[in-house]
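Counting in our numbering, the sequence shown tops out at residue 651, every number present.
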Amino acid sequence: MPLRLAILEADTPVPAANERYKGYFGVFSHLLARAVAPSPLESVLTLTGHDVVHNPASAYPSLDDIDAILITGSKHDAFENDEWITTLVEFVRKALVHDRVRVVGVCFGHQIVARAMGTLVARGDQGWEVSVTETTLTPRGRELFGGRETLQMHRDQVFGIPAGAELLAFTDKCPNHGFVIPKRVITVQGHPEFTEDIMGEILELRHESGLFTDDVYHSGVARNGDHHDGVAMAQVFLDFLQEQ
408 MPLRLAILEA DTPVPAANER YKGYFGVFSH LLARAVAPSP LESVLTLTGH
458 DVVHNPASAY PSLDDIDAIL ITGSKHDAFE NDEWITTLVE FVRKALVHDR
508 VRVVGVCFGH QIVARAMGTL VARGDQGWEV SVTETTLTPR GRELFGGRET
558 LQMHRDQVFG IPAGAELLAF TDKCPNHGFV IPKRVITVQG HPEFTEDIMG
608 EILELRHESG LFTDDVYHSG VARNGDHHDG VAMAQVFLDF LQEQ
């Protein structure tokens, strides 16, 4: 029987990606379909999308009707106290103590999960991590992940490790690139769902707006298109969700 995964959409993709994929629900559907291939996605997962930014009051699924949640990335700051963000944090807290529902967090989602577990989330002082970036895996991370190359797009980060969790990876700029509690929660700071096209569009837009310096932009462009382990990371998510 397919697992019921609710994708909590915490943002809208950049314009061309949004037009192509129809929201982060589509972006993650595309990733997960590649992760389960050659099996059809619907034989493994039943996906539902939930816009928790623009319609938070009614967006959330009943925890009794799903098996897991995945919180997406976002341009917003996970440490802010906008009503929709605090509502999301509280929902994740409820999911974490549910006796059956499992939790996956990606980038902003990783930070939201850490915040819900009482760990500090704040702006990092080392600047942006962007594009294909090598992470250092911990022993637990090496057990779970075969690769180390991930797509990054963040400057906020998690400081510390939530109680009971095991650290999975880190970089010189960011001390927490993901953590796991078996059968309960798994998170990653990177973006396994991003493609070369999506990353390229973000780099262009943020450079044009002045958010990225020339150095950050040109360095990111030079590495965009390099191999990254996004599909393998999604397969780890699936193993986590299916573990008995």
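Built from N, CA and C at the ideal position, the CB exists for glycine as well.
Quantities reported herein were computed from a predicted structural model and do not represent experimental measurements.
Report task. Might you give, ordered along the chain, the residues of its own chain that have their beta carbon closer than 6 angstroms to the beta carbon of residue 553, omitting 5 neighbours on each side? Result -> Within its own chain, the residues whose Cβ lies closer than 6 angstroms to the Cβ of residue 553, once the five positions on either side in sequence are excluded, are 639, listed in chain order.
Margin query: Out of 441, 411, 420 and 434, which one is the CA nearest neighbour of residue 612?
Written below: Measuring from the Cα of residue 612, the nearest candidate turns out to be 420.
Can you give the beta carbon distance from residue 526 to residue 565, rounded, assuming they're within the 8 angstroms contact cut? Right, the Cβ-Cβ distance comes to about 6 angstroms (below 8 angstroms), so this counts as a contact.
Discussion item. Measuring CB atoms only, is the region 532-548 touching the region 514-521, in the sense that at least three cross pairs come out at less than 8 angstroms?
Written reply: Output reads no: the region 514-521 does not touch the region 532-548.
Q) Where do the N-terminal and C-terminal ends of the alpha helix (DSSP H) with residue 493 fall, by residue? A) Residues 490-504.
Report task. Name the one or two DSSP bridge partners that residue 566 has. Result -> For residue 566, DSSP records a beta bridge to 527.
*asked:* Check for me: the alpha helix (DSSP H) holding residue 627 runs from which residue to which?
replied: Residues 621-630.
Query raised in the report: What are the boundary residues of the alpha helix (DSSP H) that includes residue 609?
Result: In this chain, the alpha helix (DSSP H) harbouring residue 609 covers 603-615.
For the structure I just gave you, are there three or more beta carbon pairs, one from the region 619-633 and one from the region 586-593, closer than 8 angstroms? Contact fails between the region 619-633 and the region 586-593, because fewer than three Cβ pairs, one in each stretch, are under 8 angstroms apart.
task: Verify whether the separation of the beta carbon atoms of residue 535 and residue 562 is less than 7 angstroms.
output: Yes, the Cβ-Cβ distance between residue 535 and residue 562 is below 7 angstroms.
(Q) Please state the DSSP three-state secondary structure of residue 538. (A) Under the three-state reduction of DSSP, residue 538 is assigned to strand.
Item to complete: May I ask you to list the residues that DSSP assigns as paired with residue 550?
Response: Per DSSP, none; premise fails for residue 550.
Practice task
Could you check how far apart the C-beta atoms of residue 523 and residue 496 are, in whole angstroms? I think they sit under 8 angstroms.
Solution key: With 8 angstroms as the limit, residue 523 and residue 496 qualify as a contact, their Cβ atoms being about 5 angstroms apart.
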